[in-house]
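Peer 1: Per mature numbering (1 follows the signal peptide of the UniProt record, and there is no 0), the sequence shown runs over residues -23 to -1, 1 to 97.
Ideal Cβ positions, reconstructed from N, Cα and C, are used throughout, including at glycine.
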Amino acid sequence: MKKAYRYLWFLSLIVVVVLSACGKNGNETSNTSNKTGKSDAKGGTLTVVIAEPPEGNFQSIFTGSTGDSNVIDFFNDSLIDVGDDLKIKPKILSWEKDKNDDLKYTFKVKKGIQWQDGNP
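(1) Determine the DSSP secondary structure at Phe39, reduced to helix, strand or coil.
(2) Is it buried or exposed for Val48, if we count other Cβ within 10 angstroms and need 16 for buried?
(3) State the beta-bridge partners of Trp72 as determined by DSSP.
(4) Is DSSP giving Val26 helix, strand or coil here?
(5) How big is the Cα-Cα spacing for Ile27 and Phe84?
(6) Taking the alpha carbon of Trp92 as the point to measure from, which residue in Asn53, Lys(-22), Asp62, Thr24 has its own alpha carbon closest?
(7) Taking Ser37 as the reference, which of Glu29, Thr24, Phe51 has the closest Cα?
(8) How many angstroms separate the CA atom of Ala(-20) from the CA atom of Ser(-4)?
(9) Given Ile65, which residues of its chain have a CB within under 8 Å of its CB, disregarding the five upstream and five downstream residues?
(10) In this structure, how does DSSP classify Ile(-10) when only helix, strand and coil are distinguished?
If you want it as structure tokens, here you go:
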């Protein structure tokens, strides 16, 4: 029985070594690049696949569905954004700290921001 376990461990070790040799080197860089540019296409249809079908409740306060949240994300924009460094960055709002009070901020909507109907 001990020979069978030794053989199994040895075979497992060989499989691990072979599979690790077939993997990518973590230090290699990829030659793919993201190129973004202006698209001349106008109109058309955008088809998006989401993991869960929406229930149809597109009010962000009342929804509990992931599908509804995914749809809401397409037409609602966030006031602020959290960067990769986990620091809050302005998106639609800009703000200033009060010089006299560290807990007081003044928020302003950035210029050029409009409602969906085009009104400022």
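Peer 2: In short, the structure shows the following:
(1) coil
(2) buried
(3) Phe84
(4) coil
(5) 34 Å
(6) Asn53
(7) Phe51
(8) 24 Å
(9) Ile57, Asp58, Val59
(10) helix
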